[in-house]
Structures are given as structure tokens and as C-alpha cells.
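Numbered per my numbering, the sequence shown finishes at 705, counting up by one with no gaps.
Just so you know, even glycine gets a beta-carbon here, dropped at the ideal spot from N, CA and C.
Keep in mind it's a predicted model, so treat the numbers as computed, not measured.
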Amino acid sequence: MEREIESFVIEEAVGFAINRASIEMRKKLTYIFKKEGYDITPEEFSILSQLWEEDGLLQSVINDKTLKDKTTVTRLLERLKTKGLIEKRIEEADRRNYRIHLTEKGMAIKYNIIPIVIKLLDMASHNIDGEDLRITIKTLKEIVKNLNAEDNQ
């Protein structure tokens, strides 16, 4: 065990590498959105992308899908509402809940934003073999699965 401790290098740890890649992608996406004239953050994009897949989600579902807490999602939804991209509608079955719907502006922005994100993903995976990328994604999903299994034990 002591030998493992002595040889531990944080920069070679999978968690560090994942975090570093995530930070760099977020920074680059923020920069590109601004440069292209879009007042959207990566966090707001994550909510919009869920709504582009399925409009009218409950806020609690958005919390789960984006892996963000209720307070953070509430704040992000308020910003998206102020920008005219979403609207909140009271859920008829349970008036304590809201369904989140895209506005016309929120739907239309998809066709400007998605190409930017695709371009960033292409940039991030430049010079990476398609099979290597597929294996990386598969491995990352397995890491998430393993960590979630630990929570359930």
C-alpha cells in the first residue's frame, strides 16, 4: 500500500483527467457561445438540450437529467425564462409542480446552438480514432455505473 501511495500522481488519475477535460470543454463552449453572440451558458444549454428532446418536462425530471440540485435548476430556469427561452406552466395533476416548456425562441435557437456544440465536440476529438473515442465513452459510462452501484450498497 505504501508503494502505491508513493507512486500516486494526480495528473494520471482518471478522475483528474475527466475533471480537466470537463473544465476545458466548459471554458471553450462558454467562449464560443459568447464569440458567436449567444447569451447561453453550458449549464443553460444542458437544460435546453433536455427540453429539445422532450418539451414539457417537470422541473424535478430536469434536476435528475442534468444532475443538478433543485436550487441550481430553479436559478437556471429563471435565467432562461428572463431570456425568453422557456416558460413555466403549473402542472394540472399537482399544482405544486411546474412543467417547463420551450418558447418559440427557445425552440428556434436549437438550430444555431447545436452546430456550435457539434463543432466543439469535433474539435475536442480531433486526431482521436473513432474506435478509441467509442471505447472512451463506453469506459466513462462504466465508471458512472460503478460509482452509482457503490451508492446503492
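Inset, instruction - Taking all protein chains shown into account, decide if F560 is buried (16 or more other Cβ within 10 angstroms of its Cβ) or exposed. - result: exposed
Legend entry - For E643, the nearest candidate out of I570, E596 and L609 (CA to CA): L609
Legend entry - Residue environment, E656, which counts as buried when at least 16 other CB atoms sit within 10 Å: exposed
Inset, instruction - Grab the span of the beta strand (DSSP E) containing R544 for me, first residue to last. - result: No answer is possible for residue 544: it lies beyond the span of the chain, which begins at 553 and ends at 705.
Legend entry - Burial state of I661 (16 or more Cβ within 10 Å): buried
Inset, instruction - Kindly give me the distance between the Cβ atoms of L672 and K580, rounded to whole angstroms, as I take these residues to be in contact under 8 Å. - result: 6 Å
Inset, instruction - Answer yes if the segment 675-685 comes into contact with the segment 636-650, meaning at least three C-beta pairs across the two stretches below 8 Å, and no otherwise. - result: no
Legend entry - Where R647 falls: helix, strand or coil (DSSP): coil
Inset, instruction - State the CB to CB distance for the pair Q602 and I614, rounded to an integer number of angstroms; the pair is presumed to be in contact (CB under 8 Å). - result: 6 Å
Inset, instruction - Could you check if G658 is buried or exposed, using at least 16 other CB atoms within 10 Å of its CB as the buried criterion? - result: buried
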